[in-house]
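K.L.:
Quick note: the sequence shown uses the UniProt record's numbering, first residue 1, plus one each step.
First the structure, then my questions, so here it is.
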Amino acid sequence: MEISWGDFEKVDLRVGTVLEANDFPEARKPAYQLVIDFGQEIGLLKSSAQITKHYSKEDLIGRQIVAVVNFPKKQIGKFMSECLVTGFADVNGDIVLTSVERTLPNGAKLI
């Protein structure tokens, strides 16, 4: 299915740095609760991410990721997810995070 350039421009993909990664035992599938810094304009957002196969909590702290920051908030159990961390499924279906090649300012937008 093709989309228009205008459709693509509606998706707000930003770089953020993971500040916190916590266990999320209430999640149906193994996941972490993340707190991500998207810079002064956007601030701190929370996300639930099913990335436990390839990443420990310690691996995530300080890592820059790419997330969609303009989806509506989503209630996941008692946790409110405020952005969608992006990644790709490997051959086993486990998620590998989308990241950037070089360090960028938090909040940098995909253009």
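Where is the CB? At the ideal position from N, CA and C, for every residue including glycine.
What you are looking at is a predicted structure, and each value in this text was computed from that prediction instead of being measured.
Would you say the beta carbon of K78 comes nearer than 7 angstroms to a heavy atom of the ligand SAH?
P.N.:
With respect to the ligand SAH, the structure offers nothing, as it holds no ligand at all.
K.L.:
Using CA coordinates, which residue listed in L34, G107, P30 and G87 is at the minimum distance from E20?
P.N.:
For the purposes of this step, residue 20 is identified with residue 20 of the sequence shown, where counting begins at 1. Of the listed residues, the one whose Cα sits closest to E20 is L34.
K.L.:
Confirm, please, whether the CB-CB distance from I42 to I65 is below 8 angstroms.
P.N.:
The sequence position of residue 65 within the sequence shown is 65, counting from 1. The sequence position of residue 42 within the sequence shown is 42, counting from 1. No. Outside cutoff.
K.L.:
Please return the same chain residues whose Cβ sits closer than 6 angstroms to the Cβ of V85, not counting the five positions on each side in sequence.
P.N.:
Numbered from its first residue, the sequence shown carries residue 85 at position 85. The answer, listed in chain order, is S47, A49, I65 and A67.
K.L.:
With a threshold of 6 angstroms on Cβ separation, who are the neighbours of T52 within its own chain once the five nearest residues in sequence on each side are excluded?
P.N.:
On the sequence shown, position 52 is the one that residue 52 refers to. Closer than 6 angstroms at the Cβ level, and outside the excluded window around T52, lie P30.
K.L.:
Have a look at I76, N106, G107 and R63 and flag the residue whose alpha-carbon is nearest the alpha-carbon of V96.
P.N.:
Counting from 1 along the sequence shown, the entry for residue 96 is found at position 96. With distances taken between Cα atoms, V96 lies closest to R63.
K.L.:
Could you give the DSSP three-state label for I51: helix, strand or coil?
P.N.:
Stepping through the sequence shown from its first residue, residue 51 is reached at position 51. Residue state, collapsed to three classes: coil.
K.L.:
Out of curiosity, what's the CA-to-CA distance linking I3 and K109?
P.N.:
Here residue 3 refers to the residue found at position 3 of the sequence shown. Here residue 109 refers to the residue found at position 109 of the sequence shown. Taking the straight line joining both Cα atoms gives about 20 angstroms.
K.L.:
Taking 6 angstroms as the limit between beta carbons, can you name the residues of its chain near P72, skipping five residues before and five after?
P.N.:
Residue numbering aside, residue 72 sits at position 72 when the sequence shown is read from its first letter. Excluding sequence neighbours, P72 sits near nothing in its chain.
K.L.:
So, G77 versus A27, is the Cβ gap smaller than 8 angstroms?
P.N.:
Here residue 77 refers to the residue found at position 77 of the sequence shown. Here residue 27 refers to the residue found at position 27 of the sequence shown. Contact: yes.
K.L.:
Here's the rule: buried if 16 or more other CB atoms are within 10 angstroms of the residue's CB, otherwise exposed. What is F82?
P.N.:
Translated into the one-based positions of the sequence shown, residue 82 becomes position 82. The sequence shown places Glu at residue 82, rather than the Phe named in the question. Its Cβ being crowded by 16 or more others within 10 Å, E82 is buried.
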